[in-house]
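Visitor: Following this message is one structure expressed as structure tokens.
Protein chains: 2
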Amino acid sequence: MMQQLLLKEIKRKKSFLCVGLDVDKDQIPLDLNDEPDIIFNFCKRIIMATAPYCVAYKPNIAFFEAYGLEGWKSLEKVMGFLNKEYPEIFTIADAKRSDIGNTSKRYAKAFFEYLDFDSVTIAPYMGKDSVEPFLEYKGKYAILLILTSNEGASDFQLLNADGKPLYERVIEQSKKWKNADRLMYVVGATRSKTLIKIRKLIPDSTLLIPGVGAQGGSLQEVSVNGLNDTCGLLVNSSRGIIYASTGSDFDLVAANVAKDLQKQMAFYLDKKGVL
Amino acid sequence: MMQQLLLKEIKRKKSFLCVGLDVDKDQIPLDLNDEPDIIFNFCKRIIMATAPYCVAYKPNIAFFEAYGLEGWKSLEKVMGFLNKEYPEIFTIADAKRSDIGNTSKRYAKAFFEYLDFDSVTIAPYMGKDSVEPFLEYKGKYAILLILTSNEGASDFQLLNADGKPLYERVIEQSKKWKNADRLMYVVGATRSKTLIKIRKLIPDSTLLIPGVGAQGGSLQEVSVNGLNDTCGLLVNSSRGIIYASTGSDFDLVAANVAKDLQKQMAFYLDKKGVL
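Note that the protein sequences, when read in sequence, are chains A and B. Everything in the first sequence is counted per the numbering used here, starting at 1382 for the first residue and increasing by one. Everything in the second sequence is counted per the numbering used here, starting at 1382 for the first residue and increasing by one.
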């Protein structure tokens, strides 16, 4: 899916909301327990309820892998469902992969060919040749970690690396890579002040912002500091939406939370003149 | 599996060889094509042939994931086979995972509980709370990337981070993490000169050294610079062993290459006084 289509969808829905699918069986409403594939059925109902208000879904691969083969089967079904029923919605494999070139090539094959995701999140530590294999696919995107929302981010990402914070070096280097126009970037919502600086370094890039909601980031700050003329943001909420209710009305409550976020986003998009 | 058992096996086999299972169907001998599960059957024959000469196996998870559900089924069978038939052999999930705490917990569950690996390789970029969930398992190990064998390693790992190369900062920080005694480290074989320095910083840790063979690292240099009194090394070879022959004798040829490496390792172990 090309980025222009994502923008079209952002304008149509007046939303830059990404719904994170971090599926934990222990938190799935009990009345789904009799379904043959709980994980898939939970995702399906969340997707059908929230699709009017969001432009992207982000399955968190770890949560599927934790259930082994069953989890992978569900993931395949979720992706099949999304690509068939909602081809206009952008999909993100939140997988934080990367390895030496010939191995990254395999991860790219897994997520872009086999599962047909539009994008995958990538860890930068191994450098250029660990990321470039993900940039070889037209219409697919690698979303590079630069500054994450967790506490441990300060262990390395903020170190002074030859005169600049390491995350700035990651941005700087990544711009030189082949097909760098297929890069997007992850910036944690808890870093909203640094977002101003990051936006200056990559004014045109799309930023994936996790950490709104459960992790404490503010949608207002993120929007004010991060939006550009073509939106340039995907703000993710996972737990705050999908587990907003653990009753049998979980999908309706999720839709309401998504709708509320969408309304706020419409306001910021309008203010920025994107619509 | 506790590290003491690994050392026992190293002494018994006079080997610190790890065989990497990077299974590429296009390189698997044609005469296996009729088998119901080519990937598993290939691995099984490689394992049965090379087990006398190695102390660890390292399935490269990307190569399995690239085949989707089929690949995951094969991976489960490979791990089931290894844990049943060769419980004395150390297993490494070469997965380069890590994410925020609650997600890393899921990856740990996938590799340590579901697939029952002894260890998993971990990328450090997200810091402390992205790694610690992997250190909560007694008898299981997180193998942290510090200095990798690929060209892109110099993009970030060698940057001067507040006065020291970034990889040294990773070592330094990691020592402070909870259950740090369950950490091992990845150092590329192509970095054998830096290995002397790294060995001084972590004299007692086990280092996983990929890159001997296809990637051009030297076993001699790695052994001389990296061995400690309790061995402290696992040297991996993947393509150099498993694709040494693409004929129907592939397992016998793989065994011969492994045996040759084991003989060289026995020499260095003896010289260092480990045996």
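Glycine is no exception: its CB is placed at the ideal position from the N, C-alpha and C atoms.
If we cut at 8 angstroms on Cβ distances, does leucine 1547 (chain A) have a partner in chain B?
Guide: yes
Visitor: Rank B:Val1603, B:Ile1552, B:Pro1584 and B:Lys1559 by C-alpha distance to the C-alpha of lysine 1574 (chain B) and give the top, closest one.
Guide: B:Val1603
Visitor: How about asparagine 1464 (chain B): is its C-beta nearer than 8 angstroms to some C-beta of chain A?
Guide: no
Visitor: Against chain A, does lysine 1458 (chain B) count as a neighbour if the rule is that its beta carbon must be under 8 angstroms from one of theirs?
Guide: no
Visitor: Alpha carbon to alpha carbon, how far is lysine 1406 (chain B) from tyrosine 1624 (chain B)? Give it in angstroms, no decimals.
Guide: 11 angstroms
Visitor: Identify every run of the alpha helix (DSSP H) within the stretch 1558-1597 of chain B, keeping only runs that are complete inside it and at least 4 residues long; order them along the chain.
Guide: 1573-1582
Visitor: Which residue marks the beginning of the beta strand (DSSP E) containing cysteine 1399 (chain A), and which one marks its end?
Guide: 1398-1402
Visitor: Interface residues of chain A around aspartate 1670 (chain B) at Cβ under 7 angstroms?
Guide: There is no way to answer for residue 1670 (chain B), as the model of chain B reaches only from 1382 to 1656.
Visitor: Use the C-beta contact count for glutamate 1466 (chain B): other C-beta atoms within 10 angstroms, 16 or more gives buried, fewer gives exposed.
Guide: exposed
Visitor: In the DSSP output, which residue or residues are listed as bridge partners for phenylalanine 1471 (chain A)?
Guide: Residue pairing by DSSP places phenylalanine 1471 (chain A) opposite A:Ala1437 in a beta bridge.
Visitor: Name, in chain order, the residues that DSSP records as bridge partners for proline 1546 (chain A).
Guide: Paired residue(s): A:Asn1541.
Visitor: For chain A, check one thing: does any of its Cβ atoms lie closer than 8 angstroms to the Cβ of valine 1551 (chain B)?
Guide: Chain A, which has a Cβ nearer than 8 angstroms to the Cβ of valine 1551 (chain B), makes this yes.
Visitor: Hey, methionine 1646 (chain B) and aspartate 1499 (chain B): beta-carbon distance below 8 angstroms or not?
Guide: For methionine 1646 (chain B) and aspartate 1499 (chain B), no; Cβs fall outside 8 angstroms.
Visitor: Check the Cβ-Cβ distances between methionine 1507 (chain B) and every residue of chain A, and say whether any is below 8 angstroms.
Guide: yes
Visitor: Are the stretch 1502-1517 of chain A and the stretch 1537-1557 of chain A in contact at 8 angstroms, needing three or more beta carbon pairs?
Guide: yes
Visitor: Per DSSP, what kind of secondary structure is serine 1604 (chain B) in: helix, strand or coil?
Guide: helix
Visitor: Expressed to the nearest angstrom, what Euclidean distance is found between the alpha-carbon atoms of asparagine 1531 (chain A) and alanine 1570 (chain A)?
Guide: Spanning the two alpha carbons is a distance of roughly 10 angstroms.
Visitor: How long is the line joining the alpha carbons of leucine 1582 (chain A) and asparagine 1637 (chain A), rounded to whole angstroms?
Guide: 35 angstroms
Visitor: Between which residues of its own chain and serine 1619 (chain B) is the CB-CB distance below 8 angstroms, once the five residues before and five after are set aside?
Guide: Val1400, Gly1401, Leu1402, Asp1403, Lys1439, Asn1441, Pro1591, Gly1594 and Ala1595
Visitor: Indicate the three-state DSSP secondary structure (helix, strand or coil) for serine 1479 (chain B) in the structure shown.
Guide: coil
Visitor: Quick one: what's serine 1618 (chain B) bridged to in DSSP?
Guide: B:Val1400
Visitor: Suppose you measure from the CA of alanine 1635 (chain B) to the CA of phenylalanine 1423 (chain B); what does that come to, to the nearest Å?
Guide: One C-alpha to the other measures close to 12 angstroms.
Visitor: Considering Cα atoms alone, identify which of A:Tyr1495, A:Thr1484 and A:Asp1480 is closest to alanine 1474 (chain A).
Guide: A:Tyr1495
Visitor: Mind checking who tyrosine 1522 (chain B) pairs with in its DSSP beta bridge?
Guide: B:Ser1500
Visitor: Quick one: list the residues of chain B neighbouring aspartate 1536 (chain A), beta-carbon separation under 7 angstroms, in chain order.
Guide: For a Cβ distance threshold of 7 angstroms, residue set Gly1508, Lys1509 and Gln1554 of chain B lies close to aspartate 1536 (chain A), ordered along the chain.
Visitor: Would arginine 1426 (chain A) pass as an interface residue toward chain B - the criterion being a Cβ-Cβ separation below 8 angstroms?
Guide: no
Visitor: Who are leucine 1528 (chain B)'s beta bridge partners in DSSP?
Guide: B:Val1568
Visitor: Assuming the contact rule is C-beta atoms closer than 8 angstroms, tyrosine 1649 (chain A) and leucine 1588 (chain A) should be a hit. Round their C-beta distance to whole Å, please.
Guide: The pair is not a contact, with the Cβ atoms about 14 angstroms apart (cut-off 8 angstroms).
Visitor: Between which two residues does the alpha helix (DSSP H) containing alanine 1636 (chain A) stretch?
Guide: 1631-1653
Visitor: For alanine 1430 (chain A), which residues from the same chain have a beta carbon less than 7 angstroms from its beta carbon, with the 5 sequence-adjacent residues on both sides left out?
Guide: Here the set comprises Asp1632, Leu1633, Ala1635 and Ala1636.
Visitor: So, are the CB atoms of alanine 1489 (chain B) and phenylalanine 1515 (chain B) less than 8 angstroms apart?
Guide: Yes; because the gap between Cβ atoms is below 8 angstroms, this pair is in contact.
Visitor: For the putative contact between leucine 1678 (chain A) and valine 1567 (chain A), defined by C-beta atoms under 8 angstroms, what is the C-beta separation to the nearest angstrom?
Guide: Since the displayed chain A opens at 1382 and closes at 1656, residue 1678 (chain A) lies outside it and no answer follows.
Visitor: Compute the distance between the beta-carbons of isoleucine 1481 (chain B) and valine 1501 (chain B), then report whether it is under 8 angstroms.
Guide: no
Visitor: Any residues in the stretch 1511-1524 of chain A with a beta carbon nearer than 9 angstroms to a beta carbon of chain B? Which ones, in chain order?
Guide: Contacts with chain B (Cβ-Cβ distance below 9 angstroms) from the stretch 1511-1524 of chain A involve Ser1511, Val1512 and Glu1513, listed in chain order.
Visitor: Can you give me the C-alpha to C-alpha distance between glutamate 1549 (chain B) and isoleucine 1579 (chain B), rounded to a whole angstrom?
Guide: 8 angstroms
Visitor: Where do the ends of the alpha helix (DSSP H) carrying leucine 1386 (chain A) lie?
Guide: 1384-1394
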